[in-house]
Amino acid sequence: MDSVDLNVLRSVLEWRRAGQRVVLYSVVQTWGSAPRPPGAMLALRGDGVVIGSVSGGCIEDDLIARLHDGRLVDDGPPVQLVTYGVTQDEAARFGLPCGGTLRLTEERVQDWQWVADLLARCEAHEIVARELNLTTGEVTLSGATKTDGLSFDGERLRAIYGPRWRLLLIGAGQLSRYVAEMARLLDFEVLICDPREEFVYGWEAQHGRFVPGMPDEAVLSIQTDERTAIVCLTHDPRLDDMALLTALDSRAFYIGALGSRVNSQKRRDNLAALGLTAQAIARLHGPIGLHIGSHTPSEIALSLMAEIVAIKNGVAPMQKKPLPVLAE
44 MDSVDLNVLR SVLEWRRAGQ RVVLYSVVQT WGSAPRPPGA MLALRGDGVV IGSVSGGCIE
104 DDLIARLHDG RLVDDGPPVQ LVTYGVTQDE AARFGLPCGG TLRLTEERVQ DWQWVADLLA
164 RCEAHEIVAR ELNLTTGEVT LSGATKTDGL SFDGERLRAI YGPRWRLLLI GAGQLSRYVA
224 EMARLLDFEV LICDPREEFV YGWEAQHGRF VPGMPDEAVL SIQTDERTAI VCLTHDPRLD
284 DMALLTALDS RAFYIGALGS RVNSQKRRDN LAALGLTAQA IARLHGPIGL HIGSHTPSEI
344 ALSLMAEIVA IKNGVAPMQK KPLPVLAE
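Each residue of the sequence shown is one higher than the last, beginning at 44 in the working numbering.
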């Protein structure tokens, strides 16, 4: 779940607690080149305020119009389906590319306790399935796995929600600041660990959350899971290797360490000498990042985040060349 989805649900919860009327729209099916994928959400408040998106903007305008022109009635069914783009003319009217079509659930949020429960479970870093009965409007929550996906059979919608992706940075030097900024723009929750007090100055709270302790303790304390990436950027083996010994046996989907190709091989040899298995060491990304001719800290941060996002999205990274080594 990205922050857009989280903000939609947080707003639904806030509005309903305040006694506001709320309708939640979810994309359940798409055909052709629909602008938003299944699972995308939009919440519409009783006064026409919206948060989230189910298209590029034109459909949002019509959803607001449904509220103001009386098509959205209070005594209607708890859930109904709304379809846009059935004809080429309608697709053109609503700005759907290439004759795309999308179908939405229009759900009146009455009992909002499920929203609070779902958000709490996501904050606890759980993956949750929400099942919506289109006949009754009843919502049930259950556990899910990272391989589960959205399903819709015309009577029940089962959507998967999960915690935000996380990035743990070992080291708070100059490069980490660029990485943290880009990671936040890409909707990662940023965590930083650096026991060296000299490097903490200048980090603002909005740039990330510091995890206390030594690097290996930080990896354990955040309960690393499949939505966590860990990158060692101190260029100090006493700190980086400490984190790697724990991280490479964790469930993190990406583990990398700054260094040239030669130094990366030395690090692998050192980790093997410390007792790490070949299978665990093979998970290490080093040199980090995609080859884009990086020279500056910002360029290296860009190449690193491009690689992390590619792996997160299931795309095999391109062949890499060694990155320049930055002194911290």
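Beta carbons: idealized from backbone N, C-alpha and C, even for Gly.
From the DSSP output, in three-state form, read off residue i for me.
i    : result
V47  : helix
T148 : strand
S307 : helix
H250 : helix
L218 : helix
L347 : helix
W58  : helix
V459 : Any answer about residue 459 is impossible in this case: the structure gives the chain only from 44 up to 371.
E181 : coil
E103 : helix
L110 : helix
R201 : strand
N313 : helix
For the beta strand (DSSP E) holding residue i, just list the boundary residues, first then last.
i    : result
L87  : 84–88
A261 : Per DSSP, A261 belongs to no beta strand (DSSP E); it is in the alpha helix (DSSP H), 258–264.
S337 : Taken as a continuous stretch (DSSP letters only), S337 belongs to no beta strand (DSSP E), as it is neither H nor E.
V71  : 65–74
G299 : 297–300
G95  : 93–95
Can you check which of these residues, the options, is closest to residue i by C-alpha distance?
i    : options                : result
A248 : P258, R227, E198       : R227
D90  : G113, G332, I265, L327 : G113
G318 : I273, C275, L291       : L291
A187 : R173, L327, E181       : R173
V305 : S293, A316, P330       : P330
P80  : G192, D104, E149       : G192
S194 : V70, Q266, W246, A315  : V70
L333 : C101, A349, A315, E103 : A349
L147 : A272, L175, Y244, F253 : L175
R59  : S185, Q156, R109, D117 : Q156
L282 : D154, P238, D268       : P238
R88  : Q72, S219, A61, V254   : A61
V310 : H328, R294, S293, F296 : The question names Val, but residue 310 is Arg in the sequence shown. Of the candidates H328, R294, S293, F296, the one whose C-alpha sits nearest the C-alpha of R310 is H328.
L212 : L52, F242, V65         : F242
On the DSSP letters alone, give me the boundaries of the alpha helix (DSSP H) that residue i sits inside.
i    : result
W208 : It is not in any alpha helix (DSSP H) - W208 carries neither H nor E in the DSSP assignment.
L162 : 156–166
A286 : 280–290
Q322 : 321–324
If we count Cβ pairs, one from each stretch, closer than 8 Å, do we get three or more for the stretch 344–354 versus the stretch 220–227? yes
Would the stretch 201–209 and the stretch 320–328 be scored as touching if the rule is three or more Cβ pairs under 8 Å? no
Inter-stretch contact at 8 Å, needing at least 3 Cβ pairs: the stretch 284–294 / the stretch 257–268: The answer is yes - the stretch 257–268 touches the stretch 284–294, with three or more Cβ pairs under 8 Å.
How about the stretch 203–216 and the stretch 155–174: do they share at least three Cβ pairs that are nearer than 8 Å? Verdict: yes, contact present.
Whether or not the stretch 273–284 and the stretch 301–312 are in contact is what I'm after, with contact meaning three or more pairs of Cβ atoms, one per stretch, closer than 8 Å; do they touch? yes
Does the stretch 92–101 touch the stretch 119–126, meaning 3 or more C-beta pairs lie closer than 8 Å? Verdict: no, contact absent.
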